[in-house]
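**Q** This is the structure I have questions about; it appears just below.
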Amino acid sequence: MTPSSTTLHDNWRQTASVFQERADEYDSWYKDSLLFRIELSALQQIATPLPNPKVEIGAGPGRFAEQLEVTTGIDPAPAALQRALKRGIMCVVGIGEQLPISPEKAGTLFMLFTLCFLVDPCRVLDECNRALKKDGRLVIGHVPALSSWGQHLENKKNNKDPYYRHARFYTIADTLTMLKLTNFTLLESYSTLLQPPCNIERLETAQPGINEQAGFCVLVAEKVDNI
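Residues in the sequence shown are numbered from 562 upward in steps of one, following the numbering used here.
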């Protein structure tokens with residue numbers, strides 16, 4: 562059953578509350594973070610042309626958006642978006658299931674570490690398809706559920722970690738199935754973060770392709786004409 566609009570917003574308030582209440586703490590995590598540099602490096606290796614305008618769903622404080630030339634950030638946590646605004650990102654309070662974007666207006670949509678927090682991921686992907694121009698791109702930054710990092714974060718969720726208590730982690734197969742069901746086709750992919758959790762010592766270069774054991778996978782998909 563598809564959640565009603567009221568249920569969606571109620572669920573999102575619960576999920577986003579920690580990012581609203583701890584916006585400064587979350588933003589400061591990125592400063593001097595080797596983990597952030599590894600993930601950003603993988604995204605910067607994308608060779609597929611990413612057309613403008615670029616929009617990030619779940620932009621938070623705008624750390625990735627600032628580096629990836631994203632012009633607009635969408636997030637349900639206004640306090641986080643205040644940080645993104647200071648980084649030059651145009652900000653809109655909203656949720657992925659009801660994107661505040663007119664049909665076929667976005668060139669590239671980013672969802673980085675957002676998939677696991679979505680209330681209704683297939684509905685969000687349908688919205689992405691609606692919002693993207695013909696041949697528009699969708700970039701997903703994903704923590705595979707079967708990787709040591711996915712298990713590490715799942716343990717955090719089970720221990721009631723405030724950031725991950727509402728998260729749900731997906732396998733690569735799950736994600737590829739959702740993309741297919743919502744009329745996207747995979748164009749390019751990278752995998753990185755093969756170092757174990759809590760023991761990050763060096764910068765990694767992302768490898769082409771999908772590795773379920775990697776802690777971070779980048780999936781670049783194209784909107785498919787379903788007519």
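Note that the Cβ used here is the ideal one computed from N, Cα and C, for glycine as well.
What distance in whole Å lies between the Cβ atoms of residue 698 and residue 614, which are believed to be in contact at a cut-off of 8 Å?
**A** The pair is not a contact, with the Cβ atoms about 12 Å apart (cut-off 8 Å).
**Q** Hey, out of 753, 700, 718, 732, whose CA is closest to residue 777's CA?
**A** Cα-wise, what sits closest to residue 777 is 753.
**Q** Please report the residue range of the alpha helix (DSSP H) in which residue 685 lies.
**A** Residue 685 -> alpha helix (DSSP H) spans 682 to 692.
**Q** In this structure, does DSSP put residue 639 in helix, strand or coil?
**A** It is helical.
**Q** Quick one: what's got a C-beta closer than 7 Å to residue 603's C-beta in the same chain, skipping five residues either side?
**A** Only 751, 753, 767, 777, 779 meet the Cβ criterion.
**Q** Tell me which same chain residues have a C-beta within less than 7 Å of the C-beta of residue 623, skipping the five on either side of it?
**A** Around residue 623: 634, 644, 645, 648, 650.
**Q** If you count every other CB in all the chains shown that lies within 10 Å of the CB of residue 723, and 16 or more means buried, which is it?
**A** That one is exposed.
**Q** So, are the CB atoms of residue 670 and residue 630 less than 9 Å apart?
**A** Taking 9 Å as the Cβ cut-off, residue 670 and residue 630 do not qualify as a contacting pair.
**Q** Rounded to a whole number of angstroms, what is the C-alpha to C-alpha distance between residue 583 and residue 682?
**A** Computed Cα separation, rounded: 24 Å.
**Q** Where are the alpha helix (DSSP H) runs, 4 residues long or more, that stay fully inside the region 709 to 786, in chain order?
**A** As far as the region 709 to 786 is concerned, its whole alpha helix (DSSP H) runs of at least 4 residues are 709 to 719, 733 to 742.
**Q** Are the CB atoms of residue 706 and residue 732 nearer to each other than 9 Å?
**A** Yes, Cβ-Cβ distance for residue 706 and residue 732 is below 9 Å.
**Q** Return the first residue and the last residue of the beta strand (DSSP E) that residue 608 is part of.
**A** Note, residue 608: premise wrong, no beta strand (DSSP E); not H, not E.
**Q** Report the option in 667, 687, 734, 627 whose CA atom is closest to the CA atom of residue 695.
**A** Of the listed residues, the one whose Cα sits closest to residue 695 is 667.
**Q** State the DSSP-derived secondary structure class of residue 696, mapped to helix, strand or coil.
**A** It is a strand residue.
**Q** CB-CB under 7 Å to residue 579, same chain, minus the five flanking residues each way: which ones, in chain order?
**A** Once the five neighbours on either side are set aside, the close Cβ partners of residue 579 are 723, 724.
**Q** Only counting the same chain, and skipping five residues up and downstream in sequence, which positions put a Cβ closer than 8 Å to that of residue 755?
**A** Counting only Cβ-Cβ distances below 8 Å, and skipping sequence neighbours, we find 765, 772, 774, 775, 776.
**Q** How is residue 702 classed by DSSP in three states: helix, strand or coil?
**A** Three-state DSSP puts residue 702 in a strand.
**Q** Quick check on residue 657: does DSSP put it in helix, strand or coil?
**A** The answer is helix: DSSP assigns residue 657 an H, G or I state.
**Q** Buried or exposed: where does residue 736 fall if 16 or more other Cβ atoms within 10 Å of its Cβ makes it buried?
**A** Per the 10 Å Cβ criterion, buried.
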